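Chains as they are written, first to last, in my numbering: chain Y, 2 to 153; chain E, 161 to 665; chain Z, 164 to 349.
Ideal Cβ positions, reconstructed from N, Cα and C, are used throughout, including at glycine.
Source: prediction; values computed, not measured.
Below is one structure, written out as structure tokens; the observations come after it.
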Amino acid sequence: MQATSESGGGLSPIVKTVARWMAGFILVFGLSVVLYGHLTPGGGFAGGVVLSAAFILVVLSHGRREVLQILSERAPTIYDGLAALAFLLLAVLGYAAGGFFLNFLPKGQPFQLWSGGIIPLCNLAIGVKVGACLFGVFAALAVFRHLHQRSA
Amino acid sequence: METLPLFIAIPLAVAFLFPVFEKLSLRRALLDGLAVLATAALLAGSLGLLAQPDRVYWIGGWAPPVTGINLVSDGLSRLMLVVVQAISFFSIVFSLRYMDRYSSRGFYYGLFFLLLAGMNGVVLTGDLFNLFVFIEIAAIASYALVAFGCESEELEASFKYLVLGSVSSAFILLGVGMLYNLTGTLNMAEVAAKAPALSGLPIMAMVGACFLFGFGLKAAMVPFHAWLPDAHPSAPAPISAMLSGVLIKAGGVYVLFRLFFSVFGMDLLYARVFMALGAVSMLIGVLLAVGQWDFKRLLAYHSISQMGYVLLSVGVGGEVLARGGPTPVAALAVFAGLFHLVNHAAFKSLLFLCSGSMEYVTGTRQLAEMGGLSRPMPLTGLACRVAALSISGIPPFNGFWSKLLIIIAIVQAGHYALAALTVLVSFLTLLSFIKVQRYALEGPLPELLRSVREAGLAMSLPLLALAALCLLGGLLLPLYAGALFTPAQEAMLSGLNYARAILGG
Amino acid sequence: MTAILIGLFALLIFMIVACLIAIETRDLLSAVVCVGAAGFGLALADLLLSAPDLALTQMVVEFICVVVLIRVVVTRQDHTHETPKDTFALAAVVLCLGLFLAACGFTFAALRPFGAPLFAGPEPTMAGQYVAHGLPDTGAVNYVTSILLDFRGYDTLGEATVIFVSIIGAYAVLRSVGRIGHASHK
Chain Y
2 MQATSESGGG
12 LSPIVKTVAR
22 WMAGFILVFG
32 LSVVLYGHLT
42 PGGGFAGGVV
52 LSAAFILVVL
62 SHGRREVLQI
72 LSERAPTIYD
82 GLAALAFLLL
92 AVLGYAAGGF
102 FLNFLPKGQP
112 FQLWSGGIIP
122 LCNLAIGVKV
132 GACLFGVFAA
142 LAVFRHLHQR
152 SA
Chain E
161 METLPLFIAI
171 PLAVAFLFPV
181 FEKLSLRRAL
191 LDGLAVLATA
201 ALLAGSLGLL
211 AQPDRVYWIG
221 GWAPPVTGIN
231 LVSDGLSRLM
241 LVVVQAISFF
251 SIVFSLRYMD
261 RYSSRGFYYG
271 LFFLLLAGMN
281 GVVLTGDLFN
291 LFVFIEIAAI
301 ASYALVAFGC
311 ESEELEASFK
321 YLVLGSVSSA
331 FILLGVGMLY
341 NLTGTLNMAE
351 VAAKAPALSG
361 LPIMAMVGAC
371 FLFGFGLKAA
381 MVPFHAWLPD
391 AHPSAPAPIS
401 AMLSGVLIKA
411 GGVYVLFRLF
421 FSVFGMDLLY
431 ARVFMALGAV
441 SMLIGVLLAV
451 GQWDFKRLLA
461 YHSISQMGYV
471 LLSVGVGGEV
481 LARGGPTPVA
491 ALAVFAGLFH
501 LVNHAAFKSL
511 LFLCSGSMEY
521 VTGTRQLAEM
531 GGLSRPMPLT
541 GLACRVAALS
551 ISGIPPFNGF
561 WSKLLIIIAI
571 VQAGHYALAA
581 LTVLVSFLTL
591 LSFIKVQRYA
601 LEGPLPELLR
611 SVREAGLAMS
621 LPLLALAALC
631 LLGGLLLPLY
641 AGALFTPAQE
651 AMLSGLNYAR
661 AILGG
Chain Z
164 MTAILIGLFA
174 LLIFMIVACL
184 IAIETRDLLS
194 AVVCVGAAGF
204 GLALADLLLS
214 APDLALTQMV
224 VEFICVVVLI
234 RVVVTRQDHT
244 HETPKDTFAL
254 AAVVLCLGLF
264 LAACGFTFAA
274 LRPFGAPLFA
284 GPEPTMAGQY
294 VAHGLPDTGA
304 VNYVTSILLD
314 FRGYDTLGEA
324 TVIFVSIIGA
334 YAVLRSVGRI
344 GHASHK
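Structure (structure tokens):
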């Protein structure tokens, strides 16, 4: 197993299929942790890590070679940057509405999914950001490092 | 229109955008233009702030009693803000050409603006935990920038810096945690309001020791200086200018001043510790610098020494204040310290940029391999001379005036031995910069460097602008001291009144 | 309360032992597993202290870190143990640590006792205000989130930026080519 994984070919088809199925469930779980962050324990940071786990699972099972065909080296930093920008944008929208980081949306009914004003949106932005970020760390160490070693 | 949050929001937005730009492979001119524009706008904004009165901005509208995080614009933070924006503007302009030697301009700009955002956040914040968060942003950006050349010795320097920086951050966090436990608040003004009731408890000494160690390490005061002589020279020259010119001030000395003057209240013990750290840094830094042959390493040691001046002078001010001495003497000492801090930002950035300019064309940092550079590179040579004269304290440059004021203040405070030490260190500084002049600028041009030329206007202009600041900063002091230094000095001398100024009542 | 304290101390000892093994072991894989164990202990401690948000985050972060680290170290050898041990440095470290712990033991008595959280005290504190105003003023049922993203949302922006700067920094340092043109000062 180790030899296959090191050459970047991925694991057996059974593992790949199961991993893909699992990844879907992990994604859904991660999203629910992110979206219900203002109602239950969790939130953007925890949920984002779960989201990244789904992608890491797929990469680990499918191996480097397959992943490199569909993933560019820049992708994690771009999603990271865009999500961070979205978070900052929420803060700046508040600034336009009267104060930096002002919670300018209606607070809604407690215990409803749409409550807490900008909080769910912030959670979503942080979730994407943290997910992209942790996946980026993994990708940098496990996928792209081999690229550089080969080219160097 | 409230501008304070923009000092953090603009650099952050620019930094977040750079990975996207890198992907779009926009033209280089566009990236450069955005970077210059952003730093220029921030510089203009910070200068505009100087004309405005002190104010507090509660983020998200959470003002006491539901205390959120606040941004504070008082004299001291405005002074630091202007210095940070000015040096970052000059460094960015210098980078336009200099960073041709490095790959991945997008990452460079991204990290640069994160460093800037971190420092602006530190300078403006009025909240202890927020201070820690932004110090971490600035510190992590600087770890990466130190290793930006990706060569093994740079990685090693960066790793050393990272380990020591993390240790200092851990102590800072421990200190913040203890203060929170004791006072139930993270807001500096609220802590300051409760500080007198706590003074005398042994735990406050522990908190003070944690902060002194943590921020002393970030400011590279002797004996916490081991990382700086490796880290600062390893970075690309504009980053060395940022690190030596502003990061050790915004992330170290400024926070020490803010915490110990405005939050804890200066007492005799802290003031003496400041003086001791300052005096030791001043002397050891210069002694280590004299023997250096690597130009940037020599400059790095001088950073330790010159920041020692600042800490010593402000410490003397605090000591006079704490023992109930004459206020004008304390005021003069604090004023001189702040003046020297600004001057050091100007001439040390200039020196690092000069070293970068020379390295760019000669490919070496070793003084022994240079020589005669003032003929093929007249502008760099001129700027380098001005900076060397400033740092050595030769009239009429700015370093002379601030050192003169420091010595007068120390003598008036009655510390004659320290004043003599200051003069001695000044002399040693002159000695080591005579060496720089002699080996880098004078003498025969080595055969290898015959074809050397000035690196171009984009690199020379920031040098000349900073050189002009070094000359005029001293001569025109009476014209701008009232706008820049007096409010900062008053903010520090008012001590615990900081709490009343922010919380009202 | 005492049961929680006993559990906490047991976890603390477990974590310290795990960290010491992680430092001392010669096998990188065991070191990673030990670091994971220490992190898992921290997650349990968070649960004991009734902090489910923290426990959840700590747990998933720990899992991911261990997976990433195992993926990275699985083919690597640790050569650091070949450098001889410096007894003087070790003694200095132990001495400093001892002094620090002694100072902590001497001074920490002034801190708030365990089991008396800041928001429950009689005097007005930041935490007390956040708990009182959390639901009515922000609309978020989870107090942790209301503090994280509303009262102190600016801090969270900073923390998100810390993660961003770390990954940008890591990518920058992991570039294969750092310098273009002639190699300098070599």
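Whose C-beta lies closer than 6 Å to the C-beta of residue i among residues of the same chain, with five residues either side of it excluded?
i, result
"serine 255(E)", "Pro398"
"valine 16(Y)", "Ser62"
"alanine 47(Y)", "Val34"
"glycine 44(Y)", "Gly38 and Asn124"
"threonine 343(E)", "Val351 and Lys354"
"glycine 376(E)", "Phe384"
"serine 592(E)", "Ala449 and Val450"
"serine 6(Y)", "Low confidence applies to serine 6(Y): its pLDDT is 47, below 50, so where it sits in the model is not reliable, and the reading given next is rough at best. Excluding residues within five positions, none has a Cβ falling inside 6 Å."
"glycine 516(E)", "Tyr258 and Ala397"
Here's a check: name, in chain order, each residue in its chain whose Cβ is nearer than 7 Å to the Cβ of residue i, leaving out the five neighbours to either side.
i, result
"alanine 352(E)", "Ser422, Val423, Leu656, Tyr658 and Ala659"
"alanine 460(E)", "Leu388, Pro389, His392, Pro393 and Ser404"
"phenylalanine 434(E)", "Leu471, Val474, Gly475 and Gly478"
"isoleucine 300(E)", "none"
"alanine 431(E)", "Gly475, Gly478, Glu479 and Ala482"
"phenylalanine 30(Y)", "Val51"
"glutamine 221(Z)", "Gly202, Leu205, Ala206 and Asp209"
"threonine 78(Y)", "Gly137"
"alanine 20(Y)", "Leu58, Val59 and Ser62"
"glutamate 225(Z)", "Gly199, Gly202, Phe203 and Ala206"
"serine 562(E)", "Ala496, Phe499, His500 and Asn503"
How should residue i be labelled, buried or exposed, when 16 other C-beta atoms within 10 angstroms of its C-beta is the threshold for buried?
i, result
"alanine 272(Z)", "exposed"
"methionine 2(Y)", "Residue placement at methionine 2(Y) is poorly supported in this model, since its pLDDT is 40, which falls under 50; the coordinates still yield a value, given next. Exposed is the call here."
"glutamate 286(Z)", "exposed"
"tyrosine 576(E)", "exposed"
"glutamate 187(Z)", "exposed"
"cysteine 350(Z)", "Lying before the first or after the last residue shown, residue 350(Z) is absent from chain Z, which here runs from 164 to 349."
"isoleucine 27(Y)", "buried"
"aspartate 234(E)", "buried"
"arginine 535(E)", "exposed"
"phenylalanine 172(Z)", "exposed"
"glutamine 110(Y)", "exposed"
"serine 193(Z)", "exposed"
"leucine 324(E)", "buried"
"valine 131(Y)", "buried"
"tryptophan 222(E)", "buried"
Go ahead and pull the three-state DSSP assignment for residue i.
i, result
"asparagine 305(Z)", "coil"
"aspartate 190(Z)", "coil"
"tyrosine 37(Y)", "coil"
"asparagine 290(E)", "helix"
"arginine 342(Z)", "strand"
Run through the DSSP bridge pairs and tell me what residue i is partnered with.
i, result
"asparagine 230(E)", "Trp218(E)"
"threonine 285(E)", "Leu231(E)"
"asparagine 347(E)", "Asp287(E)"
"glutamine 526(E)", "Asp454(E)"
Measure how close the beta-carbons of residue i and residue j come, nearest whole angstrom, since I'm counting them as under 8 Å.
i, j, result
"leucine 217(Z)", "glycine 170(Z)", "With 8 Å as the limit, leucine 217(Z) and glycine 170(Z) do not qualify as a contact, their Cβ atoms being about 16 Å apart."
"isoleucine 297(E)", "glycine 286(E)", "Isoleucine 297(E) to glycine 286(E), Cβ: 17 Å. No contact."
"alanine 335(Z)", "serine 264(E)", "6 Å"
"serine 552(E)", "leucine 590(E)", "4 Å"
"leucine 284(E)", "phenylalanine 167(E)", "6 Å"
"leucine 203(E)", "glutamine 245(E)", "4 Å"
Short of 8 Å in beta carbon distance, which residues of its chain neighbour residue i, apart from the five on each side in sequence? Order them along the chain.
i, result
"glycine 332(Z)", "none"
"isoleucine 408(E)", "Lys378, Ala379, Ala380, Leu388, Ser463 and Met467"
"alanine 198(E)", "Ile170, Pro171, Val174 and Phe273"
"glycine 205(E)", "Thr163, Leu166, Phe167 and Gln245"
"histidine 348(Z)", "With a pLDDT of only 41 at histidine 348(Z), under 50, the local geometry of the prediction cannot be trusted, and the value read off the model is given with reservation. If we look at histidine 348(Z) and ignore the five residues flanking it on each side, it has no Cβ neighbours."
"glutamate 602(E)", "Gly531, Gly532 and Ser534"
"glycine 341(Z)", "none"
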